[in-house]
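Colleague: Encoded as structure tokens, here's the structure I'll be asking about.
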Amino acid sequence: MEALANKEMRVMMQGAFVLTAASFIAKLLSAVYRVPYQNFAGDEGFYVYQQVYPIYGIAMTLALTGLPQFISKYVVEKKEPRKQRQALEELFPLISSFGLMLWAIFFFSAYPFAVWMGDAKLAPLIRVVSFTFVIMPFLSITRGEFQGKLLMVPTAVSQVVEQLIRVGVIIIAAWSFRQFGWNVYHTGTVAMSGALVGGVAAVAVLWYYRRKILSTSIFLKLPRVGGNTVKLAKRVALEGGLMTVYSGLLILFQLIDSFTVKKALVDFGLSEHGAKLAKGVYDRGQPLVQLGLVVALALSSSFLPLLTRYLINNDRRMFVKTSQVFLRLTCAIAAAASIGLAMLLPYVNYALFKDYQGNATLVLFVFAIFLMAMVQAYQSIAQSQNEYRSSLQAAGVGLLLKVVTTGGLTNQFGTIGASLSTLLGLAVALFVLHYACNRETRAYGKQRHFMRNLFICLAGMIIVLLCYYGGISIIFGAIQKRSFALVAAIFGVGIGGSAFLMLAIQLRLLTIREWLMLPFGSKLLRINWKRR
Numbered sequence: 019m020e021a022l023a024n025k026e027m028r029v030m031m032q033g034a035f036v037l038t039a040a041s042f043i044a045k046l047l048s049a050v051y052r053v054p055y056q057n058f059a060g061d062e063g064f065y066v067y068q069q070v071y072p073i074y075g076i077a078m079t080l081a082l083t084g085l086p087q088f089i090s091k092y093v094v095e096k097k098e099p100r101k102q103r104q105a106l107e108e109l110f111p112l113i114s115s116f117g118l119m120l121w122a123i124f125f126f127s128a129y130p131f132a133v134w135m136g137d138a139k140l141a142p143l144i145r146v147v148s149f150t151f152v153i154m155p156f157l158s159i160t161r162g163e164f165q166g167k168l169l170m171v172p173t174a175v176s177q178v179v180e181q182l183i184r185v186g187v188i189i190i191a192a193w194s195f196r197q198f199g200w201n202v203y204h205t206g207t208v209a210m211s212g213a214l215v216g217g218v219a220a221v222a223v224l225w226y227y228r229r230k231i232l233s234t235s236i237f238l239k240l241p242r243v244g245g246n247t248v249k250l251a252k253r254v255a256l257e258g259g260l261m262t263v264y265s266g267l268l269i270l271f272q273l274i275d276s277f278t279v280k281k282a283l284v285d286f287g288l289s290e291h292g293a294k295l296a297k298g299v300y301d302r303g304q305p306l307v308q309l310g311l312v313v314a315l316a317l318s319s320s321f322l323p324l325l326t327r328y329l330i331n332n333d334r335r336m337f338v339k340t341s342q343v344f345l346r347l348t349c350a351i352a353a354a355a356s357i358g359l360a361m362l363l364p365y366v367n368y369a370l371f372k373d374y375q376g377n378a379t380l381v382l383f384v385f386a387i388f389l390m391a392m393v394q395a396y397q398s399i400a401q402s403q404n405e406y407r408s409s410l411q412a413a414g415v416g417l418l419l420k421v422v423t424t425g426g427l428t429n430q431f432g433t434i435g436a437s438l439s440t441l442l443g444l445a446v447a448l449f450v451l452h453y454a455c456n457r458e459t460r461a462y463g464k465q466r467h468f469m470r471n472l473f474i475c476l477a478g479m480i481i482v483l484l485c486y487y488g489g490i491s492i493i494f495g496a497i498q499k500r501s502f503a504l505v506a507a508i509f510g511v512g513i514g515g516s517a518f519l520m521l522a523i524q525l526r527l528l529t530i531r532e533w534l535m536l537p538f539g540s541k542l543l544r545i546n547w548k549r550r
């Protein structure tokens, strides 16, 4: 029995690694394509795309994380294969009905939604992206079934294929904007169709794996309304909804921005066209934050199975200890990434987006990397304990504050106010999660003077980067070439990162065990020992 349990644990860890790798590639693709899209379509074109993107983001959060996680858990509860299939047959029509309902809402109410966003011309984009809710049930059910059987490769392959095709369509649309003189709305509509094309390709991949591995095809049945159906619907809404909310928290923040920021910028005093351009500049922060969160995602995916294993084995001491390590690593990496990116933001902005517009707004916005990374870390710890209430409370309070403050702050301070509202919402969500966690876990910052040493490391990095920035400004003046700005940003990352790492090793910010958990951690320690 013990050998079987160990084998299942190894399979689970391997599966977590496969999903982490796929998520890393998908996140990278999702962040990187935005740069050429903005370069081709401009800030107005970027604004058009980003206004509707959160609707796609919600559909994909449902199809990739929220519902598959619930479905896999629900399937595992049924021990016999016959009962597992019966459970899926109950879930499929229920989730299909939910998907069709969401499609109908967004498709037939596209114009009112577009007007609510402050731009009636967005209606065709909303109609196109609404079709992702039609394929969402096929994706979520099949992924959930495979994950329930600890078969992670189909989910991983389908995710990467979906993103590759979607990004390909988006880049072609952006290129066509310049080549054929399309307007920004037609370009955005074609770009959004990439979500549907990629989703259909993902369905085809999953169908292939289902025929190959399980020798069955997807089942279609009409929903049967009864006592059990109503009970199951409530459970799907509660557990699946909770997982979706905390998995897609940043996307929900973006959705609030779509409905409030552009209109508030007009109230701020900008023209309609000026407000669109300013919102497009503000949206430049999204790919920067997504890239910064890739490492946090990898840490969450790696630690979650480990924390779950300690809970299953009733090893509370190791659970608390591992949770503290997880939080320390996330805190150190995310803080360094946020501050380093903020210091180098002018170079990054010019290198990627061709000008220095929105520097102050984006400097503030990138601190969402730290807040969101910590929120995700606390959510992973809560998830490993099957504790969803604190995550829902944190998300609810954070979203409420975002809704309440975005319009007013943007009206007063422009896009700087929009960035501040995002940081306020995430900070409050983090505060709620921190104090919902047990006392031993949240004491991670007190051990070995971690917080004091982290502040010293960050201060040292800031001083080094200020000297670097000042030196370049004195010698070269304002940088006017994108290639030079890119080189300056890359060298700045190397210099700032090296300063932080040297101080972190000298001050023993992390233990040897914690260093070894990081990529290239052993090499960094060896280099330091050789220097001594």
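For what it's worth, the working numbering labels the leading residue of the sequence shown as 19, then goes sequentially. Quick reminder that beta carbons are idealized off the backbone N, C-alpha and C, glycines included.
For Leu182, which residues in the same chain have their Cβ closer than 8 Å to its Cβ, ignoring the five residues on either side in sequence?
Modeller: If we look at Leu182 and ignore the five residues flanking it on each side, its Cβ neighbours are Leu47, Gly216.
Colleague: Verify whether the separation of the beta carbon atoms of Gly220 and Ser176 is less than 9 Å.
Modeller: One point to set straight first is that residue 220 is Ala, not Gly, in the sequence displayed. Yes, the Cβ-Cβ distance between Ala220 and Ser176 is below 9 Å.
Colleague: Return the residue from the list Leu441, Ala395, Gln524, Val36 that minimises the CA-CA distance to Leu382.
Modeller: When only C-alpha atoms are compared, the closest one is Leu441.
Colleague: Do the stretch 408-426 and the stretch 372-381 touch if we need at least three Cβ pairs shorter than 8 Å?
Modeller: No, because fewer than three Cβ pairs between the stretch 408-426 and the stretch 372-381 fall closer than 8 Å, the two stretches do not touch.
Colleague: Could you check where the alpha helix (DSSP H) with Asn456 kicks off and where it finishes?
Modeller: Where Asn456 is concerned, there is no enclosing alpha helix (DSSP H), given that its DSSP letter is neither H nor E.
Colleague: Indicate whether Leu273 and Gly75 have their beta-carbon atoms separated by less than 9 Å.
Modeller: Yes, the pair counts as a contact, with Cβ atoms nearer than the cut-off.
Colleague: Considering just the uninterrupted stretch of the alpha helix (DSSP H) at Gly414, what are its terminal residues?
Modeller: Looking at the DSSP string, the run of the alpha helix (DSSP H) that includes Gly414 is 407-431.
Colleague: Which residues in the same chain have their Cβ closer than 8 Å to the Cβ of Lys96, if we skip the five residues on either side of it in sequence?
Modeller: Counting only Cβ-Cβ distances below 8 Å, and skipping sequence neighbours, we find Gln102, Gln104, Ala105.
Colleague: With a 10 Å radius around its C-beta and 16 neighbouring C-beta atoms as the bar for buried, classify Cys485 as buried or exposed.
Modeller: Looking at its Cβ environment, which holds fewer than 16 other Cβ atoms inside 10 Å, Cys485 is exposed.
Colleague: Below 8 Å, how does it come out for the stretch 356-371 and the stretch 280-296: are there three or more Cβ pairs, yes or no?
Modeller: Verdict: no, contact absent.
Colleague: Cα separation between Tyr203 and Val66?
Modeller: Distance between the alpha carbons of Tyr203 and Val66: 7 Å.
Colleague: Tell me whether the beta-carbon of Gly376 lies closer than 9 Å to the beta-carbon of Ala503.
Modeller: No, they are not a contact pair.
Colleague: Does Val254 pass the burial test, meaning 16 or more other C-beta atoms within 10 Å, or should it be called exposed?
Modeller: That one is buried.
Colleague: Would you tell me roughly how many angstroms separate the C-alpha atoms of Leu240 and Leu448, rounded to the nearest one?
Modeller: For Leu240, the predicted model reports a pLDDT of 48, less than 50, meaning its position is unreliable; a value from the coordinates is still stated below. Their backbone Cα atoms lie some 42 Å apart in a straight line.
Colleague: Tell me whether the beta-carbon of Val86 lies closer than 9 Å to the beta-carbon of Arg184.
Modeller: Checking the sequence, you will find Pro at residue 86 rather than Val. Going by C-beta atoms, Pro86 is not nearer than 9 Å to Arg184.
Colleague: Across the stretch 462-471 and the stretch 526-535, are there enough close Cβ pairs to call them in contact, namely three or more that are closer than 8 Å?
Modeller: With a cut-off of 8 Å, the stretch 526-535 and the stretch 462-471 count as touching, because enough Cβ pairs lie within range.
Colleague: Determine the contact status of Val263 and Ala413, defining contact as a CB-CB distance below 9 Å.
Modeller: Closer than 9 Å, so yes.
Colleague: When you compare only the Cα positions, how much space is there between Leu483 and Thr326?
Modeller: Going from the Cα of Leu483 to the Cα of Thr326 covers about 40 Å.
Colleague: Can you list, in chain order, the residues of its chain with a C-beta nearer than 6 Å to that of Leu438? Leave out the 5 residues immediately preceding and following it.
Modeller: These residues qualify, in order along the chain: Leu427.
Colleague: May I ask which residues mark the beginning and end of the alpha helix (DSSP H) holding Leu309?
Modeller: Counting along the chain, the alpha helix (DSSP H) containing Leu309 begins and ends at 303-310.
Colleague: Of the residues Trp533, Pro364, Ile89, Leu324, which one's Cα is nearest the Cα of Met336?
Modeller: The shortest Cα separation from Met336 among Trp533, Pro364, Ile89, Leu324 belongs to Leu324.
Colleague: Sorted by chain position, which residues of the same chain lie with C-beta nearer than 7 Å to Glu532's C-beta, five sequence neighbours on each side aside?
Modeller: Hits under 7 Å: Val343, Arg346, Leu347.
Colleague: Taking 8 Å as the limit between beta carbons, can you name the residues of its chain near Ile250, skipping five residues before and five after?
Modeller: Sequence check: residue 250 is Leu here, not Ile. Correct list, in chain order: Glu108, Leu109, Leu112.
Colleague: So what's Tyr51 in DSSP terms, helix, strand or just coil?
Modeller: Correct three-state label for Tyr51: coil.
Colleague: Is the beta carbon of Val147 sitting closer than 9 Å to the one on Val70?
Modeller: Going by C-beta atoms, Val147 is nearer than 9 Å to Val70.
Colleague: I'd like to know whether the C-beta of Val208 is nearer than 9 Å to at least one C-beta of chain D.
Modeller: Judged by its chain identifiers, the structure shown contains no chain D, having just a single protein chain.
Colleague: Expressed to the nearest angstrom, what Euclidean distance is found between the alpha-carbon atoms of Leu270 and Ile493?
Modeller: The straight-line gap from Cα to Cα measures roughly 44 Å.
Colleague: Going by beta-carbon coordinates alone, are Val366 and Gly416 separated by less than 9 Å?
Modeller: Cβ atoms of Val366 and Gly416: not closer than 9 Å.
Colleague: Measure the alpha-carbon distance for Ser402 versus Val279 and round it to whole angstroms.
Modeller: Cα to Cα, Ser402 sits roughly 36 Å from Val279.
Colleague: Report all residues from its chain with a CB closer than 7 Å to the CB of Leu444; omit the five preceding and five following residues, and keep chain order.
Modeller: Ala386, Leu389, Met390, Val393, Gly416, listed in sequence order.
Colleague: Can you give me the Cβ contacts of Cys455 inside the same chain, cut-off strictly under 7 Å, excluding the 5 residues immediately before and after it?
Modeller: Excluding positions up to five away in sequence, the list reads Tyr396, Ile399.
Colleague: DSSP state of Leu240, grouped into three classes?
Modeller: Caution applies to Leu240, whose pLDDT of 48 falls short of 50 and renders its modelled position unreliable; the model cannot decide the point.
Colleague: Using only alpha-carbon positions, find the residue among Tyr55, Met479, Met170, Leu329 that is nearest to Ile351.
Modeller: Among Tyr55, Met479, Met170, Leu329, the Cα nearest to that of Ile351 is on Met479.
Colleague: Quick one: what's got a C-beta closer than 6 Å to Pro142's C-beta in the same chain, skipping five residues either side?
Modeller: Excluding residues within five positions, the ones whose Cβ falls inside 6 Å are Thr207.
Colleague: Starting from the N-terminal side, write out each stretch of the beta strand (DSSP E) that is 3 residues or longer and does not extend beyond the stretch 506-536.
Modeller: Entirely contained in the stretch 506-536, not one beta strand (DSSP E) run reaches 3 residues.
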